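Here the structure is laid out as C-alpha cells; the discussion comes afterwards.
Residue numbers (the UniProt record's numbering): 1 to 415.
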C-alpha cells in the first residue's frame, strides 16, 4: 500500500454547512489553538485582497485558546442575522489589533454545537443556549407596568385649534413608529392598527418584519461609530510547541478536520514523511486544504522548522573533537570556515546562506554546461488606453476622430 493512500488514515470527513459559512475571524474564534502569523499582501493596487498573492512575515506561534469564555462574552444576538464588529488581540492591553472583522455570533454558536458532537477535543466545551423568549418577557413586564398606572380624568375647556395640533403630533409620532418598522404605506393607519403596533415587541428593539429583504435601518444591525467588541482568548496561556504537540493541527484548523481525524500525527500502518503528507493534502481532489492560505503557510513554516532541527541534530551527531584551546586558534577556525564544516548542514533550509550558496553553484554549473540562458521579455504598449494609438487606426479607416471611444470600438479596430 502506498504511503499517500487514503486508506492510510488520510481520509477526512465532509465539512458541515455550519462550518462552511464561517469567515476567517469566526474560524479563529472556534479554534482551540490560535495560529498567530502575520499574513500580508505581496501585491498592491486595484487587485482585491482576496485574489492578491500573499506571504508571511515573522514567526508562527500557536497558543491555546479559551473558546468557551470567549463565546460567552460575545453580545447576545437579537436576531440570527445580526453582525458584530469584533477585534481579536494577543493581549487586551495591546493597542495593535491582530485581526478585525464582522462576525455573526449565531454562526459561531452553531459551529461550536456541531464540533461538540463530532470533534473529541470539544467534548468538554459547554455553550449555554440562548432563550429566544427573552424578548417576550420584556413585553410582559411592560404590560404589568401599564396596568398599575392610574389615569386621572380632567375636565378642562380646550380650544379646537389646540386639539388639532395635538392630533397632528400624535399622528406624526405613530407615523415615525411605522417608518421604523418598515410597515408604512400610502394609506392612513387607524387607531386600532396603531395600538397593535405599540404592543408589538419589535418596536422596542426596532427589528424589521420578516417580509423585508433588508433591514429598514442598517445602523440598528451594524454600527461602526460605536466601540467594537475586543477579545483576547489566548492571553493567559503559554505557547504550544509546534514539534511536540501532536494535536495542534486538528485543533488549530477544526474547519478542515471537523472530526479531528486525518492529521499528520495520526498513528499509521505505513510511515508517512512530512513532504509526502504536504503533497497529499495540497494536491488532493478535496480543495479545502489548497484553498486555505493560513493552512498552506502553516505547512510551509512547520516544514522549514523540521529541516532546521534535523540539520542541528546531524551537526551534533557529526561533531568534531575540539577543545577550547583549538577554538581560539585562528588557523583551525579558518580551516573550518573554508571547508564550511560549521553551517553546511543547513543547506536544505530554504533561505539560509548555505542554501543560496548551493543555488549559486547550480547556476554556474548550468552556464558552463548549457551556456548563458536566453532572456525573453514581452512589453505591452497599453493600446486600449493610448488615445493617439487608436486615432491612428481611425484615420486609416477614414472614420471621423472622436474624443472618446467605447470598448467595442477599440477592440474592433485592433482586430
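Backbone N, C-alpha and C fix where the C-beta goes; we use that ideal spot for every residue, glycine too.
Remember, it's a predicted structure, so these values are computed and weren't measured experimentally.
Short of 8 Å from the beta carbon of residue 381, and not among the five residues preceding or following it, lie these beta carbons of its own chain, in chain order: 389. At least 8 Å separates the beta-carbon of residue 239 from that of residue 305. Counting only runs of 3 or more residues that sit fully inside the region 379-404, no beta strand (DSSP E) segment turns up. With respect to the 8 Å criterion, residue 104 and residue 83 are classified as neighbours on the basis of their beta carbons. Setting aside the 5 residues that flank it on each side, residue 1 is surrounded in the same chain by 7, 8 and 270, each with a C-beta closer than 7 Å to its C-beta; the list follows chain order.
Proximity to residue 350 across 303, 384, 89 and 101 peaks at 303, based on C-alpha coordinates.
With respect to the 8 Å criterion, residue 235 and residue 92 are classified as neighbours on the basis of their beta carbons. Apart from sequence neighbours up to five positions away, the residues of its chain that approach residue 290 with a beta-carbon distance below 6 Å are 282, ordered along the chain. It is roughly 20 Å from the alpha-carbon of residue 101 to the alpha-carbon of residue 63. Around the beta-carbon of residue 248, 16 or more other beta-carbon atoms lie within 10 Å, marking it buried. Linking residue 37 to residue 414 through their CA atoms gives a straight-line distance of about 47 Å.
Within the same chain, Cβ atoms closer than 6 Å to the Cβ of residue 250 are found at 257, 260 and 263, the five residues on either side in sequence being excluded. According to the DSSP secondary-structure assignment, residue 41 is paired through a beta bridge with 54.
In the structure shown, residue 335 falls within a helical segment according to DSSP collapsed to helix, strand and coil. Put simply, of 55, 311, 71 and 266 the residue whose alpha carbon is nearest the alpha carbon of residue 25 is 71. The beta carbon of residue 308 sits closer than 8 Å to the beta carbons of 346 and 349 from its chain, once the five residues preceding and following it are set aside; these are given in chain order. One thing to note: residue 115 has its Cβ within 8 Å of the Cβ of residue 254. Residue 84 is bridged by DSSP to 103.
Using a Cβ distance threshold of 8 Å, residue 108 and residue 30 count as a contacting pair. Residue 276 is a Cβ neighbour of residue 4, given a cutoff of 8 Å. Judged by DSSP in its simplified three-state form, residue 231 adopts strand. At the C-beta level, residue 88 and residue 99 come within 8 Å of one another. Around the CB of residue 28, 16 or more other CB atoms lie within 10 Å, so the residue is classed as buried.
If you look at residue 255, you'll find it isn't in any alpha helix (DSSP H); DSSP assigns it neither H nor E. Here residue 65 is not near residue 85, since their CB atoms are 8 Å or more apart. For residue 317, the enclosing alpha helix (DSSP H) has its first and last residue at 293-317. Cβ-Cβ separation between residue 405 and residue 56: approximately 44 Å, too far for a contact (criterion under 8 Å).
Counting the other CB atoms within 10 Å of its CB gives residue 267 a total below 16, which places it among the exposed residues. Taking the Cα of residue 299 as reference, the smallest distance to any Cα among 230, 356 and 279 is reached at 279.
Between the alpha carbons of residue 368 and residue 357 lies a gap of roughly 17 Å.
If you draw a straight line from the Cα of residue 377 to the Cα of residue 391, it comes to about 27 Å.
For residue 324, the enclosing alpha helix (DSSP H) begins and ends at 324-327.
Residue pairing by DSSP puts residue 240 in a beta bridge opposite 62. Rounded to whole angstroms, the Cβ separation of residue 60 and residue 35 is 6 Å, and the two are in contact under 8 Å. When the Cα atoms are used, residue 393 and residue 42 turn out to be separated by approximately 38 Å. In the three-state scheme derived from DSSP, where H, G and I count as helix and E and B as strand, residue 283 is classed as coil.
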